[in-house]
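Trainee:
Chains as they are written, first to last, in my numbering: chain A, 1 to 646; chain B, 1 to 250.
(1) Assuming residue 61 of chain B is part of the beta strand (DSSP E), what are its boundary residues?
(2) Locate the alpha helix (DSSP H) running through residue 373 of chain A, then write down its first and last residues.
(3) Just tell me which of A:536, A:205, A:432 has its CA closest to the CA of residue 361 of chain A.
(4) Please classify residue 167 of chain B: does DSSP put it in a helix, a strand, or coil?
(5) Indicate whether at least one CB of chain B lies closer than 9 Å to the CB of residue 509 of chain A.
(6) Would you call residue 400 of chain A buried or exposed, if buried means 16 or more other Cβ atoms sit within 10 Å of its Cβ?
(7) Alpha carbon to alpha carbon, what distance is there between residue 224 of chain A and residue 206 of chain A?
(8) Between residue 159 of chain B and residue 167 of chain B, is the Cβ-Cβ spacing less than 9 Å?
(9) Does the distance from the CB of residue 96 of chain A to the CB of residue 410 of chain A come in under 9 Å?
(10) Using a Cβ-Cβ cut-off of less than 9 Å, list which residues of the region 30–53 of chain B approach chain A; keep chain order.
(11) In angstroms with no decimal places, state the Cα-to-Cα distance between residue 151 of chain A and residue 106 of chain A.
(12) Measuring alpha carbon to alpha carbon, tell me which residue in B:208, B:138, B:161 is nearest residue 124 of chain B.
(13) Helix, strand or coil for residue 47 of chain B, going by three-state DSSP, please let me know.
(14) From residue 445 of chain A to residue 507 of chain A, what does the alpha carbon distance come to, in whole angstroms?
(15) For residue 98 of chain B, name the three-state secondary structure that DSSP assigns.
(16) From A:339, A:325, A:344, pick the residue whose C-alpha is nearest to that of residue 299 of chain A; which is it?
(17) Exposed or buried, residue 116 of chain B, counting other C-beta atoms within 10 Å across all chains shown (16 or more means buried)?
(18) Since residue 215 of chain B is in the beta strand (DSSP E), which residue starts that stretch and which ends it?
(19) Output the distance between the C-alpha atoms of residue 465 of chain A and residue 391 of chain A, rounded to the nearest integer angstrom.
(20) With a cut-off of 9 Å, does the C-beta of residue 100 of chain B fall near any C-beta of chain A?
(21) Measuring CA to CA, which of B:196, B:185, B:227, B:69 is closest to residue 30 of chain B?
(22) Could you list which residues in chain A have their beta carbon closer than 7 Å to that of residue 88 of chain B, in chain order?
(23) Find the residues of chain A that neighbour residue 161 of chain B, judging by a C-beta separation of less than 7 Å, and give them in chain order.
(24) Between residue 593 of chain A and residue 566 of chain A, is the Cβ-Cβ spacing less than 9 Å?
(25) Going along the region 465–479 of chain A in order, which residues come within less than 7 Å of chain B, judged by CB to CB distance?
(26) So is residue 182 of chain B buried or exposed if we call it buried at 16+ other beta carbons inside 10 Å?
(27) Rounded to the nearest angstrom, what separates residue 97 of chain B and residue 157 of chain B at their Cα positions?
(28) Assign residue 4 of chain A to buried or exposed, taking buried as 16 or more other Cβ atoms, counted over all protein chains shown, within 10 Å of its Cβ.
(29) Assuming residue 359 of chain A and residue 421 of chain A make a contact with CB atoms under 8 Å, what is their CB distance in whole Å?
(30) According to the neighbour-count rule (16 or more other Cβ atoms, all chains shown, within 10 Å of its Cβ), is residue 93 of chain A buried or exposed?
(31) Please list the segments of the alpha helix (DSSP H) lying wholly inside the region 443–528 of chain A, counting only runs of 4 or more residues, in order along the chain.
(32) Buried or exposed for residue 57 of chain A, please, with buried defined as at least 16 other CB atoms from any protein chain shown within 10 angstroms of its CB.
(33) How big is the Cα-Cα spacing for residue 283 of chain A and residue 270 of chain A?
(34) Give the interface partners of residue 295 of chain A over in chain B, defined as CB-CB distance under 9 Å, in chain order.
(35) So, with DSSP's three-state summary, where would you put residue 187 of chain A?
(36) Could you compute how far the alpha carbon of residue 74 of chain A sits from the alpha carbon of residue 45 of chain A?
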């Protein structure tokens, strides 16, 4: 019994942080309608600021605390003003993307500003525990719990009892709701962003002595925080608090008693999220919002074979002419192109936000290796078989998409990516440990050595062929009935159903296809290095590729090619490392680039060229319509006569 | 032949009864008007018939087949099509593509074939485009078109698959007098092709000009129904529209 209590007490800390972060998420969501995927990254960044003020600059703790929270408020304000306010009338996809940009930017900025390792933070409380009913309770836990509880109470009073709170709740109903109370929507949003970010900062600072500081790990606390907020339906602050606590304590207790199931603790929030979302259909209360801008352009494809021929010729030349290290990097970029293609189908064409594509690639990679090791299947069939194994996984993740959409699905897929990372890739019984992660032979065909390690240029050609096949298939799809049906679903599910389209089937087809393509990418990764490491398939990589795809043009095939050259490990980052000795900059660039793209060029790089053409076309179209209108005007008499015949 | 039977349909939202045991019948080639003041339950009725809103009682029969339990897309595929008040066009697709996706049959593994040898659209759209006068703008994106034309695109998309029944939700909203007259003529032509039309409309002039039968509802209950002329002069309708019984008529 006291054993159990110990684990309950241990869970208080993480629980309180889940609650604090969840409260901040709700505050920001209510105030501005944005679900901030970068929320935990704000917490992480503030915690780093606090640590460095306190431990490197020797500021007294209270002063460092105040200064760090000031930074938090400032960050909230800046994120709102620079990123989210410009996107206030943009579609969900754009706003999710914007906040992912915040996440990437902060994580990579912290990475090269404060260091890549995991840092200890000096305790904030006496280390001597307090003894309560025979159980040692650490002061750090008590502090976190009390702070979370009292902040929940304060927030509750503020939102229930003050005019500001009333206005915020009004704004959450309809955009015009706030105006009735005399508050400007923009100011309300800004204030709520600051409050939410300060809450994140408090959580980040208080958990850092317990959990230690790591730029990426702490940013991923977004998953349990989202779960807590969803359990409170983004509405009831006390339920958010309770949800956060239950998750924290649950993790701790499960970690003790069910530690046989690898990664279950980290996956618990995800399972909860999915359960809540699928049950309710949508956990986020809908806001009566105005959406003015469109989804990214999904232009028809023309002259695919010609473009592919040019691209292939240039690529082959580069592969054999570039120095070996760059040829290898170019190959990595080409594989990244395949990953991005998988995003084009699911996000670009069907509008389903998926943040676990690299997870699918991981399944493909490990399945390829298994197939090669255990069934003795050789290259390239092992890759195809491995990718086929990925399809059921993709469909499984796709099932929630039949019920939930938009930002809710982004949450589900983020959780799925985490679950894959923690439960599957970190689990030796799935991956076969060190030994199981290696392929028996390198790639080779008809006696030609295509081994990715020894023949990077030749293997690059293999990847190029695979990429071109995928592109050709996707080009076919875009111009087919199925492709148009996908765009119809993306544009309006209700209208699609009313037009006889089976929306569920279209979504599942897209998830199946997308996971297959991602699986191919995984297989290609495996053969490139002869082995894989679970590090390649962490959820951060999925977000990174999402960013690259969006920057390139997420609904275009050309965008996949454009985005891929910024990929981690691709020639650009290699060049950065060689010239300035730091390739983290490419992460920051893709974060910032993502934000800039989503605000200024929501159609992506590939469409910038096109948009010029588009403008001319539009002009011609307008002239045409004017002409048509004139014709209709002169024809008008006749149908009128017909119309009155009854 | 009766194309559509909506029998004793009830729709409730929580405790509110939006539609209370309302029945409609539409014969092939006939235009039936469904009128009523704001909030009378007209759109709920269409949503229930097409399967987008669950019914608490009642049944829907299409060409003699009970489709009460079918999903919306199945009803649509079986020949029950609708338009939307807010249009809901596919803005990323051209006018012609809007029609194509609504016309093509769906198959389970068609996607695999489309990856290798894409199925191009069969030429089935021209007839609908011609009937609705959209041939000239077929390759435009809907967002580039004036709002009146966009309304027509909604209708064209709903008739392209040659449905047996077409449900129209306020097709004349926002149209000027000329455009409304054109629309009436177009709807008549569609009905003459053998399609049964259920027309929800605020513009009662249009309804009484082109409909054979009219069902008037208020607060979810049928207050008058029958041949257009009978309904037009019924006291109940006049009372519903003017609030009090009045001799002036509509």
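Every residue gets a Cβ at the ideal spot worked out from N, C-alpha and C, and that includes glycine.
Mentor: Taking the coordinates as given:
(1) Working through the second chain from its first residue, we reach residue 61 of chain B at position 61. Looking at the DSSP string, the run of the beta strand (DSSP E) that includes residue 61 of chain B is 57–62.
(2) Within the first chain, residue 373 of chain A is the residue found at index 373, counting from 1. Taken as a continuous stretch (DSSP letters only), the alpha helix (DSSP H) holding residue 373 of chain A covers 357–374.
(3) The residue you call residue 361 of chain A lines up with position 361 of the first chain. The shortest Cα separation from residue 361 of chain A among A:536, A:205, A:432 belongs to A:536.
(4) What you label residue 167 of chain B is simply residue 167 of the second chain in a count that begins at 1. Strand.
(5) Sequence index remark: in the first chain, residue 509 of chain A carries index 509 (1-based). Interface residue, yes.
(6) Numbered from its first residue, the first chain carries residue 400 of chain A at position 400. Answer is buried; the Cβ neighbour count reaches 16.
(7) Counting from one through the first chain, the residue named residue 206 of chain A turns up at place 206. Counting from one through the first chain, the residue named residue 224 of chain A turns up at place 224. The straight-line gap from Cα to Cα measures roughly 16 Å.
(8) Counting from one through the second chain, the residue named residue 159 of chain B turns up at place 159. Counting from one through the second chain, the residue named residue 167 of chain B turns up at place 167. Result no, Cβ atoms of residue 159 of chain B and residue 167 of chain B do not sit closer than 9 Å.
(9) Against the first chain, residue 96 of chain A aligns to sequence position 96. Against the first chain, residue 410 of chain A aligns to sequence position 410. In contact: residue 96 of chain A and residue 410 of chain A (Cβ atoms closer than 9 Å).
(10) 50, 51, 52
(11) Indexing the first chain from 1 puts residue 151 of chain A at position 151. Indexing the first chain from 1 puts residue 106 of chain A at position 106. The alpha-carbon atoms of residue 151 of chain A and residue 106 of chain A are separated by roughly 25 Å.
(12) Stepping through the second chain from its first residue, residue 124 of chain B is reached at position 124. Of the candidates B:208, B:138, B:161, the one whose C-alpha sits nearest the C-alpha of residue 124 of chain B is B:161.
(13) Your numbering for residue 47 of chain B matches position 47 in the second chain. Residue 47 of chain B falls in the helix class under three-state DSSP.
(14) Within the first chain, numbered from 1, the residue matching residue 445 of chain A stands at position 445. Within the first chain, numbered from 1, the residue matching residue 507 of chain A stands at position 507. Residue 445 of chain A and residue 507 of chain A: Cα-Cα distance of roughly 36 Å.
(15) On the second chain, residue 98 of chain B is found 98 positions in, with the first residue counted as 1. Reduced to three states, the DSSP call for residue 98 of chain B is helix.
(16) Translated into positions along the first chain, residue 299 of chain A becomes position 299. Nearest option by C-alpha distance: A:344.
(17) Taking the first residue of the second chain as position 1, residue 116 of chain B is located at position 116. Under this definition residue 116 of chain B is an exposed residue.
(18) Along the second chain, one-based indexing puts residue 215 of chain B at 215. Element bounds for residue 215 of chain B: 213–218.
(19) The residue you call residue 465 of chain A lines up with position 465 of the first chain. The residue you call residue 391 of chain A lines up with position 391 of the first chain. Answer to the nearest angstrom: the Cα atoms are 22 Å apart.
(20) On the second chain, position 100 is the one that residue 100 of chain B refers to. Closer than 9 Å to some Cβ of chain A, the Cβ of residue 100 of chain B qualifies, so yes.
(21) Position 30 of the second chain, counting from 1, holds the residue named residue 30 of chain B. Checked all of B:196, B:185, B:227, B:69; the closest Cα to residue 30 of chain B is B:196.
(22) Along the second chain, one-based indexing puts residue 88 of chain B at 88. Chain A residues near residue 88 of chain B: 492, 494, 495.
(23) Indexing the second chain from 1 puts residue 161 of chain B at position 161. Near residue 161 of chain B (Cβ distances below 7 Å), the residues of chain A are 500.
(24) On the first chain, position 593 is the one that residue 593 of chain A refers to. On the first chain, position 566 is the one that residue 566 of chain A refers to. In contact: residue 593 of chain A and residue 566 of chain A (Cβ atoms closer than 9 Å).
(25) 473, 476, 477, 479
(26) Translated into the one-based positions of the second chain, residue 182 of chain B becomes position 182. Its Cβ being crowded by 16 or more others within 10 Å, residue 182 of chain B is buried.
(27) On the second chain, position 97 is the one that residue 97 of chain B refers to. On the second chain, position 157 is the one that residue 157 of chain B refers to. Distance between the alpha carbons of residue 97 of chain B and residue 157 of chain B: 9 Å.
(28) On the first chain, position 4 is the one that residue 4 of chain A refers to. Exposed: under 16 other Cβ atoms inside 10 Å.
(29) For the purposes of this step, residue 359 of chain A is taken as residue 359 along the first chain, with counting starting at 1. For the purposes of this step, residue 421 of chain A is taken as residue 421 along the first chain, with counting starting at 1. The pair is a contact, with the Cβ atoms about 7 Å apart (cut-off 8 Å).
(30) Taking the first chain and counting its residues from 1, the one referred to as residue 93 of chain A is at position 93. Burial call: buried.
(31) 456–478, 481–491, 493–498
(32) For the purposes of this step, residue 57 of chain A is taken as residue 57 along the first chain, with counting starting at 1. By the 10 Å Cβ count, residue 57 of chain A comes out exposed.
(33) Reading the first chain from its first residue, position 283 is the one you call residue 283 of chain A. Reading the first chain from its first residue, position 270 is the one you call residue 270 of chain A. Unreliable placement is indicated for residue 283 of chain A, whose pLDDT of 48 sits below 50; the coordinate value is still reported in the next sentence. One C-alpha to the other measures close to 14 Å.
(34) As a first step, residue 295 of chain A must be located in the first chain, where it is residue number 295. Going along chain B in sequence order, the residues near residue 295 of chain A (Cβ under 9 Å) are 91, 92.
(35) Translated into positions along the first chain, residue 187 of chain A becomes position 187. Helix at residue 187 of chain A.
(36) On the first chain, position 74 is the one that residue 74 of chain A refers to. On the first chain, position 45 is the one that residue 45 of chain A refers to. So the alpha carbons of these two residues sit roughly 12 Å apart.
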